[in-house]
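Novice: Got a structure here, written out as structure tokens. Questions coming.
Chains as they are written, first to last, in this note's numbering: chain A, 520 to 1017; chain B, 4 to 382; chain C, 844 to 1187; chain D, 145 to 486.
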């Protein structure tokens, strides 16, 4: 086997208490497309960020062409020929694509920025990637897919040896994904080592030469795609017994709380119908970008929808009116905690109380003691780790922040809890707590609608699983006949694997 | 800053001492000083007029040939503190007036300081009036930035037993002050300016326009009304086509002047009855194609108008000696504080000034500045 | 885990076609301003032939020159999502300093005047830049503070000692009004600086950085752009331009008083906004800002030339300003929405 | 350091105001006299009234530069109506109405057209001022009745306390309670901290923001009325430059220009502090020019002190700065020193 272009050995990385990488390794060869597989939270992203120069490993080594790879600087990482393309790249919206490709290192002739040359080079790069993008257009409003292409072009322009793509196809349509895979092949042809992170097994088999599977921060296996079957790989990925997860305690399923009928929002999702009963946890599964979050946001009323209706306890819920949903006893724990879930500079108390201001008012005035009582109550129930309820939430860990969001919504004593990615980016310990909590709540008769990208979570918690793909509801599986494979197949639209 | 002021006061006192002795020469000097009020003899005006350069010429003049007229007569209190409040500080015109006030204070052995806002608004002036009331000055000599806004505060000052005298610009409610030192009769100001523009344009006449200060400036508005009357009555050939406002801001005034000439292609002359406006207009005309074709006149400081008078842009501008306003303001104030009945008239500079029924004291006709005599004026 | 990515990430988008829109025209935000300017110019001159006479043109350009000069510098700052409110008082102080430097001296001191004026401007700019870049203080507060301080200092040292025309060298005064090829020399200077600035922003490596920073600050840092240094430079430019404008001010008005330059800041920012410079950074050009300044002053003049009653002019001016801002906004929304629907 | 960490600027500002009064009373015997206090309160009346509502706006992440133009327009409206109806109550009502409408226009332009409040209010600043001239021009109004204007120097029930104190107390308490202990107040803070998160908890963001602009317009209008009474006159060029004084005070009080942070007591303290320090300096023969310099320096210090304090804390708190910090990217209130953890 030829010498690796890039090699990671025994990578260890901890964030506070949580350990993100515990002995991860990776071997890349020139002119290959290497699939990096693993569930969410397996440590892929952390590993990628180490390669990107965002994180510095606590232990372990990275070598590039046999030499030590200089960590901890995004700029240096690029200069050494390693480029990471994030799922959602961040371009400069006001600059042209050409300039975005060369930003920070614009081509120059006689000291002047050589626009013509940049335009030509960019056009040529786009062409080499087999896409038609106008180098002169602004990046503002560019689709995610095209943004990725621009990032790849950037990588080519500095002639990167290693190009890492973090779930590039997650947010892409089949068509775009197809185009992207072509691009990846072209990169392979010109000798780059391409790391391709994906959940879509079909892509692995259609595209990749070798694979590495990670689980819980460590590399559990690697091998040649051709020699393995999807079933094996899924097995490797899932690995841990589902019993490790806190299983939902059986609850008596009550009457329908939420009924969604033919909900449609053009360009987002189409003809979505389902219902959620008291005491039941319904999981909305599917790939990132399949429209799950959009559905629940429309249900709660923060986003408008074009047609269909939402019934709460049989009563139609007015569209685009979160307050009505709130009054009806709906709570939404949003996907993006920092942006949508919390007021980062505000204290824990303020964050928890903001949803129940009406309850803690006496003669129109907010009663500070009641406010603290509410906050304290939930801080205790959720075993929030904090140095005082006046601490700004921006100083809490991800897990504790999520607890604050949960507390803030549970404080409203909801009858329907909509929760988008309940355990995204929080450590295993807290995960278990959250799962126990959800299960208990359901047992008390709360109806739960859960969006999750983590199959074990889905399988462990859900009474019913609804699988979405590209804005449509593909399949409904009961707890008993829901399996990892089935869900994945429905989500990826694979004919039949394993 | 405080140190500066004290130093100033000290110097002032010292000079006052000087002035106090050798009182014989004073009467002699007073007559020579008097013509300040008569534009007829500009040369002597120069002699008696304090220069803006810190008043030292004035005092030396005073020291040698006796600093103008009425020595502190027995019945005038000395050692009074008087606040002089101009429309705004950082203003050449009012600084010139203050130099006159200082001269009077030296003669009367009073201490006076000039305090005021940076923007010429009654609201801003009020702050300073109030402060002076608190400091318990004996008298306030003020030029009202607007005729109404300061009245309430002046009423309070009056209630606090402070003698209030207005100079340069009066208040509407005349009960708020004891006397008003008017540079000259509004009629005279208006008619002279009309005459100047008419002479400059020549017998065939034509269109003229007025570039005033702020639209709310009482003085200017009063003069403008009178000019209109005068034009209608005596100058059939002159047609007033427009009145614009430069807000006493150099840049704005220049733009307004330019705009005037665009809006009125046949414009023959511009009257600007405000020092800032006339200087800006003259500057604009002198640098434009209209130089020589469009006449400019108005009320301007010799120091600012010199170059435009000399390059022929402006034939005549006029102004009274601002120093005289401050000078008489102090005299009126001190007399009032000393319990003298102002309506009976008060002596200053060897003359006796008697307020009219409205308590208005007229200084005299404006001086006319031309290329020939402008150098003789020091303000 | 993408939420943990150190770079701001847009919300996940839905699949879309690969159509790439032609943005070249859309990017020209100066275009509408230029057209508006043309309309006003032509429209007015039709009803008032003197409006565009050689003297009329001179007046317009002289009036716009000073605002324009300051607007050039302000553009640099706005591009970086910052603002400089202190330009007005900086202009005044520089004007007085320059005036004093050449006061009562002979001819041929033009250069000296500019050196002094610009030096003063640079000092203020440096002060702002250091505070804002190194201490991460909010630009609005800092420059509002320096606005007061500088204005106070100016008034204090100037006092009643205004500089008048007869103190200034004859050649300097004439420089304020002389024309070269029918265009006032003052305007030539503004044009010259404008060209240099445009070239810098368009063609200099460091110039492009300003756009990158204003467009996406965290990402700019990630690609290794020295954000702090650039910020300081931007404020130096802004200060320097205000200083130079001060010299033009003296030359044009043949004098300086204690209140010179007051209130310029809002006029300048308005000019930039109208000229399509985004107050929130990332887009805009010096040309646009200059056109904006030109447009605003021209409107002011045309209102008089069209004999709009004196007392209506300011109101009409304000209304037009609002229209300009709203129009720009509407255009932007339209464009973004167009691109979004096209791409998502 | 300890001190610095527990140092809270917003609590410090009122103390500063009090200290100024205290020290001032020793420094100048005429300072802490009833007479001077009357003047002091009168001189900050309009500013403070506007500051109350402006605080709400800034906390919500908006701003209104047109307040002095609104005040002037309301004052002119008062004068105009008085001129034509001769009825003071009606005139006052019209004045307040005009103010409210002006605020509503600002609010609609911001919330409906989605324009930046900074840009909008630069425009309306010019527009409203222009309307003042349209309304009055160079007209001379007939004097207001003394029954109206004497309000100013007649103390409350014969005491030295000026009537405006009633307004200040009533509105001060009302706005203070609203901002700090009502649902609306919490909403305002939430909106300022994250419009997005605010939407997710069902806060009607647009309606609230519009409301804030309207109330700000009303307060500016009220300030216009007070101004008219104080100066017994209505002029198109009246009430200039208030916006800078109000904003300066708010910023000095540690209200974050980026929204989400600020307290009304600090703003009130700041206005009093500025008023007191100016009065004291004037008593000590400082010129207007020097006062301007002092104001500016105060403003600079108000951001530098907490920032420098914060810097030091930041160092001790986290040795390795986050990407954002090392990039000098700082879009955070200058009153809270701690860095956001990545």
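Even glycine gets a Cβ: it sits at the ideal position worked out from N, Cα and C.
In this text, all values refer to a predicted model and were calculated from it rather than measured experimentally.
1) So residue 1107 of chain C is in the alpha helix (DSSP H); what residue range does that whole segment cover?
2) For residue 1153 of chain C, which three-state DSSP category applies?
3) Over the uninterrupted alpha helix (DSSP H) stretch that includes residue 171 of chain D, give me the two end residues.
4) Are the C-beta atoms of residue 590 of chain A and some chain D residue less than 8 Å apart?
5) Applying the criterion that 16 or more other CB atoms from any shown protein chain within 10 Å of the CB defines a buried residue, is residue 762 of chain A buried or exposed?
6) Please tell me whether residue 152 of chain B has its Cβ less than 8 Å away from any Cβ of chain D.
7) Closer than 8 Å, CB to CB, is residue 371 of chain D near chain C or not?
8) To which residues of the same chain is residue 903 of chain C closer than 7 Å at the C-beta, ignoring the five residues directly before and after it?
9) Classify residue 318 of chain D: buried if its beta carbon has 16 or more other beta carbons within 10 angstroms, exposed otherwise.
10) Measuring CB atoms only, is the segment 281-295 of chain D touching the segment 153-166 of chain D, in the sense that at least three cross pairs come out at less than 8 Å?
11) Would you mind telling me which residues of chain D sit closer than 9 Å to residue 877 of chain A, beta carbon to beta carbon, in chain order?
12) So, does the CB of residue 376 of chain D fall closer than 8 Å to a CB anywhere in chain B?
13) Is residue 118 of chain B near the ligand ZN - that is, is its Cβ less than 7 Å away from at least one heavy atom of it?
14) Would you call residue 1038 of chain C buried or exposed, if buried means 16 or more other Cβ atoms sit within 10 Å of its Cβ?
15) Smallest Cα separation from residue 335 of chain D: which of D:190, D:192, D:433 and D:200?
16) Can you confirm whether residue 865 of chain A, when its beta carbon is compared against all beta carbons of chain D, has any partner nearer than 8 Å?
17) Taking Cβ-Cβ distances shorter than 9 Å, what residues in chain F pair up with residue 154 of chain D?
18) So, is residue 823 of chain A buried or exposed, given that buried needs 16 or more other C-beta atoms within 10 angstroms?
19) Using only the alpha-carbon positions, how far apart do residue 740 of chain A and residue 724 of chain A sit?
20) What residues from the segment 274-303 of chain B come within 9 Å of chain C, judged by C-beta to C-beta, listed N to C?
21) Return the CA-CA distance between residue 588 of chain A and residue 582 of chain A, expressed in angstroms with no decimal places.
22) May I ask which residues mark the beginning and end of the beta strand (DSSP E) holding residue 686 of chain A?
23) Between the Cα of residue 578 of chain A and those of A:786, A:534 and A:632, spot the shortest distance and give me the residue it belongs to.
24) What span of residues does the beta strand (DSSP E) with residue 90 of chain B cover, start to end?
25) If we count the other Cβ atoms within 10 Å of its Cβ and call it buried at 16 or more, is residue 646 of chain A buried or exposed?
26) If we ignore side chains and look at the alpha-carbon of each, how far apart do residue 719 of chain A and residue 662 of chain A end up?
27) How should residue 1267 of chain C be labelled, buried or exposed, when 16 other C-beta atoms within 10 angstroms of its C-beta is the threshold for buried?
28) With a threshold of 16 other CB atoms inside 10 Å of the CB of residue 251 of chain B, please say whether the residue is buried or exposed.
29) On the premise that residue 893 of chain C lies in contact with residue 1057 of chain C, defined as a C-beta separation below 8 Å, what is that separation, rounded to the nearest angstrom?
30) From what residue to what residue does the beta strand (DSSP E) around residue 529 of chain A run?
31) Based on Cα-Cα distance, which residue from D:439, D:234, D:219 and D:268 lies nearest to residue 1113 of chain C?
32) Whole-angstrom Cβ separation of residue 801 of chain A and residue 993 of chain A, contact assumed at under 8 Å?
33) Find out if the Cβ-Cβ distance for the pair residue 219 of chain B, residue 381 of chain D is shorter than 8 Å.
34) Would you report the Cα separation of residue 162 of chain D and residue 418 of chain D, rounded to the nearest angstrom?
35) Within 10 Å of its beta-carbon, does residue 563 of chain A have 16 or more other beta-carbons around it, so buried, or fewer, so exposed?
36) Is the segment 764-782 of chain A touching the segment 970-988 of chain A, taking contact as three or more C-beta pairs under 8 Å?
Specialist: To lay it out plainly:
1) The residue labelled residue 1107 of chain C in the question sits at position 264 within the third chain. Element bounds for residue 1107 of chain C: 1107-1117.
2) Mapped onto the third chain, residue 1153 of chain C falls at position 310. Looking at residue 1153 of chain C - three-state DSSP - the assignment turns out to be helix.
3) Indexing the fourth chain from 1 puts residue 171 of chain D at position 27. That run of the alpha helix (DSSP H) goes 153-171.
4) What you label residue 590 of chain A is simply residue 71 of the first chain in a count that begins at 1. Not an interface residue.
5) Numbered from its first residue, the first chain carries residue 762 of chain A at position 243. Here residue 762 of chain A scores only 45 on pLDDT, less than 50, and its place in the model is too uncertain to base an answer on.
6) On the second chain, position 149 is the one that residue 152 of chain B refers to. Judged by the 8 Å Cβ criterion, residue 152 of chain B is in contact with chain D.
7) One-based indexing of the fourth chain puts residue 371 of chain D at position 227. False, the Cβ-Cβ gap to chain C never drops below 8 Å.
8) Numbered from its first residue, the third chain carries residue 903 of chain C at position 60. The residues are 1140, 1141 and 1144.
9) Walking along the fourth chain from the start, residue 318 of chain D turns up at place 174. Answer is exposed; the Cβ neighbour count stays below 16.
10) no
11) What you label residue 877 of chain A is simply residue 358 of the first chain in a count that begins at 1. Within 9 Å Cβ-Cβ: 327.
12) For the purposes of this step, residue 376 of chain D is taken as residue 232 along the fourth chain, with counting starting at 1. Cβ-Cβ to chain B under 8 Å: yes for residue 376 of chain D.
13) No copy of the ligand ZN occurs in the structure displayed, which carries no ligand at all.
14) Position 195 of the third chain, counting from 1, holds the residue named residue 1038 of chain C. Exposed is the call here.
15) The residue given as residue 335 of chain D occupies position 191 in the fourth chain. Looking at the Cα atoms, D:200 is the closest of the given residues.
16) The residue labelled residue 865 of chain A in the question sits at position 346 within the first chain. Answer yes: the Cβ-Cβ gap between residue 865 of chain A and chain D drops below 8 Å somewhere.
17) In the structure shown, chain F does not exist; the protein chains are A, B, C and D.
18) Along the first chain, one-based indexing puts residue 823 of chain A at 304. Exposed, since its Cβ has fewer than 16 Cβ neighbours within 10 Å.
19) Here the question's residue 740 of chain A lines up with position 221 in the first chain. Here the question's residue 724 of chain A lines up with position 205 in the first chain. C-alpha separation (whole angstroms): 17 Å.
20) 279, 282, 283, 285, 286, 287, 289, 290, 291, 292 and 293
21) Taking the first chain and counting its residues from 1, one reaches residue 588 of chain A at position 69. Taking the first chain and counting its residues from 1, one reaches residue 582 of chain A at position 63. Answer to the nearest angstrom: the Cα atoms are 5 Å apart.
22) Within the first chain, numbered from 1, the residue matching residue 686 of chain A stands at position 167. From DSSP, residue 686 of chain A is part of no beta strand (DSSP E); its letter is neither H nor E.
23) To locate residue 578 of chain A, count along the first chain from 1; it is residue 59. The shortest Cα separation from residue 578 of chain A among A:786, A:534 and A:632 belongs to A:534.
24) To locate residue 90 of chain B, count along the second chain from 1; it is residue 87. Taken as a continuous stretch (DSSP letters only), residue 90 of chain B belongs to no beta strand (DSSP E), as it is neither H nor E.
25) By one-based count along the first chain, residue 646 of chain A stands at place 127. By the 10 Å Cβ count, residue 646 of chain A comes out exposed.
26) As a first step, residue 719 of chain A is located in the first chain; it is residue number 200 there, counting from the start. As a first step, residue 662 of chain A is located in the first chain; it is residue number 143 there, counting from the start. Taking the straight line from one Cα to the other gives about 21 Å.
27) Since the displayed chain C opens at 844 and closes at 1187, residue 1267 of chain C lies outside it and no answer follows.
28) Here residue 251 of chain B refers to the residue found at position 248 when the second chain is read from its first residue. It counts as buried.
29) Looking up residue 1057 of chain C in the third chain gives position 214. Looking up residue 893 of chain C in the third chain gives position 50. Not confirmed; about 42 Å, so no contact.
30) Numbered from 1 along the first chain, position 10 holds the residue referred to as residue 529 of chain A. That run of the beta strand (DSSP E) goes 525-534.
31) Residue mapping note: residue 1113 of chain C aligns to position 270 of the third chain, counting from 1. Residue D:268 is the option with its Cα nearest to residue 1113 of chain C.
32) For this step, residue 801 of chain A is matched to residue 282 along the first chain. For this step, residue 993 of chain A is matched to residue 474 along the first chain. Not quite, the Cβ-Cβ distance comes to about 15 Å (not below 8 Å), so this is no contact.
33) Stepping through the second chain from its first residue, residue 219 of chain B is reached at position 216. Stepping through the fourth chain from its first residue, residue 381 of chain D is reached at position 237. Yes; because the gap between Cβ atoms is below 8 Å, this pair is in contact.
34) Taking the fourth chain and counting its residues from 1, one reaches residue 162 of chain D at position 18. Taking the fourth chain and counting its residues from 1, one reaches residue 418 of chain D at position 274. When rounded, the distance between both Cα atoms is 11 Å.
35) Taking the first residue of the first chain as position 1, residue 563 of chain A is located at position 44. By the 10 Å Cβ count, residue 563 of chain A comes out buried.
36) yes
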